[in-house]
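Beneath this line is the structure, given in structure tokens, with notes to follow.
Number of protein chains: 2
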Amino acid sequence: MPAAPRLPFDPIERASELWVEHIGESRSMRLATSIMRVQQLISSELDAALKPFGITFARYEVLQLISFSAAGRLPLSKIGERLMVHPTSVTNAMDRLETQGLVRRVADQTDRRRTFAELTDQGKHVLGQATDAVMAIDFAVVGLDDEQQDQAFELLKAVRSAAGDF
Amino acid sequence: MPAAPRLPFDPIERASELWVEHIGESRSMRLATSIMRVQQLISSELDAALKPFGITFARYEVLQLISFSAAGRLPLSKIGERLMVHPTSVTNAMDRLETQGLVRRVADQTDRRRTFAELTDQGKHVLGQATDAVMAIDFAVVGLDDEQQDQAFELLKAVRSAAGDF
């Protein structure tokens, strides 16, 4: 969904001023709103960069995670755990990726309840190109130098920790 | 979509280590991933807090913005501009809110192409309660003190500015 054109002022700062005027302290409101806005910007840029390869960033993450596994394959349950998404989301992503010929499901010979995900050769090829594409735009994280990126990461890590991610 | 249970390690730090091992510098990757994760956490908490009132955070923002207008009403086009969302999203949110009896559309007598949004009395009532609910959880921004919240806001503002929001 494309955003509205650039404004001559920061609409979040403006909302923050209005909040202070009508309601009170706006610190957490403006931060929450900023996080949502930056997520929209980043997601939309990453999805656009990956569009030539027919995948979204969510599916890119699945491919990348599988490629990182020492055995070249991962149980589906572990993919959900590591990407912090619901098993249904993993199933949907895997269905799409399998239809696209980028992954395959492999039954575990020792535990029939368990299924592994593996990359196909085409999956490895697309993943390499997709990685180049997202690195070329520096993961859409613009406007911050290295030190600021690290600061932002640590601040968000404190939120994730307090929210119970790990 | 509920997330997986808490892990004994930070999955984003782990992904970052794997990225360094297999690909190279992981700074922007881990920041982009963190932003997406924190947005999921915050959205899900805010939507849960607003569920008793039958609205999402996106619809809450529409109500709040209308309430801030000096005239008590806003042109639909301005709502999209200020919330940085596509006109279609505003139309959808307004349709839902109007069906719920929380807003009404009012034709502009001087410019027939323009439509205003106004809160109903019920809309004002629900907005007040919804505001109490999101403030009670501090907009789901947990784990950061005031100074850290301001730092995070400023860092994200630099991203928004560089991405062309204002």
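If you read the protein sequences in the order shown, they are chains A and B.
1 is the number of the first residue of the first sequence in our numbering; add one for each residue after it.
1001 is the number of the first residue of the second sequence in our numbering; add one for each residue after it.
A virtual CB, placed ideally from N, CA and C, is assigned to each residue, including glycine.
- Secondary structure within the stretch 1100-1161 of chain B: the beta strand (DSSP E) runs of 3 or more consecutive residues, fully enclosed, are 1103-1107, 1115-1119 (chain order).
- Within chain A, the residues whose beta carbon sits less than 8 Å from that of L1041(B) are V159, R160, A163, D165, listed in sequence order.
- The C-alpha of L46(A) lies about 12 Å from the C-alpha of D132(A).
- Under DSSP, P11(A) takes part in no beta bridge, so it has no partner.
- For R73(A), the enclosing beta strand (DSSP E) starts and ends at 73-75.
- Taking a C-beta distance under 7 Å as the contact criterion, V1020(B) and I35(A) do not qualify as a contact pair.
- What Q151(A) touches in chain B, judged by beta-carbon distance under 8 Å, is Q1151, L1155, going in chain order.
- Of all alpha-carbon atoms in A48(A), S89(A), D108(A), the one lying nearest the alpha-carbon of A130(A) is that of A48(A).
- Taking C-beta atoms under 8 Å as the contact rule, A152(A) and G1143(B) fail to qualify, at a distance of about 14 Å.
- Nearest Cα to S1077(B) within the set F1057(B), G1101(B), Q1100(B), R1105(B): R1105(B).
- Listed along chain B are F1139, each with a C-beta nearer than 7 Å to that of M29(A).
- Following the DSSP letters along the chain, one finds T1033(B) inside the alpha helix (DSSP H) bounded by residues 1027-1050.
- Contact between R1114(B) and P1075(B) holds, since their C-beta atoms are separated by about 5 Å, short of 8 Å.
- In terms of Cα proximity to D1145(B), the closest of A158(A), F166(A), E147(A), T120(A) is A158(A).
- When secondary structure is reduced to three states using DSSP, D95(A) falls in the helix class.
- Against chain B, the CB of F116(A) has no partner CB under 7 Å away; the residue lies outside that interface.
- The beta carbons of L1097(B) and R1059(B) sit closer together than 7 Å.
- Counting along the chain, the unbroken alpha helix (DSSP H) around A58(A) starts and ends at 57-68.
- Here E1147(B) is exposed. Its C-beta has fewer than 16 other C-beta atoms within 10 Å.
- Neighbourhood of F68(A) in chain B, by CB distance below 7 Å: L1018, H1022, in chain order.
- In this structure, the beta-carbon distance from A32(A) to V1062(B) does not fall below 7 Å.
- If you compare the alpha carbons of E1154(B), M1094(B), T1056(B), S1067(B) with that of S28(A), the shortest gap goes to E1154(B).
- By the neighbour-count definition (other C-beta atoms within 10 Å, threshold 16), F1139(B) is a buried residue.
- Distance between R82(A) and P1011(B), taken at the CA atoms: about 6 Å.
- Sequence-distant partners of G80(A) (beyond 5 residues in either direction) whose C-beta falls short of 8 Å from its own C-beta, in its chain, are H86, P87, S89, V90.
- Here DSSP, grouped into helix, strand and coil, assigns G1080(B) to helix.
- Excluding the 5 residues flanking it on each side, R30(A) has same chain C-beta neighbours closer than 8 Å at I12, E13, A15, S16, W19, in chain order.
- Annotated three-state conformation of F1166(B) is coil, per DSSP.
- The C-beta distance from M1084(B) to D1165(B) rounds to 7 Å, short enough to meet the 8 Å contact threshold.
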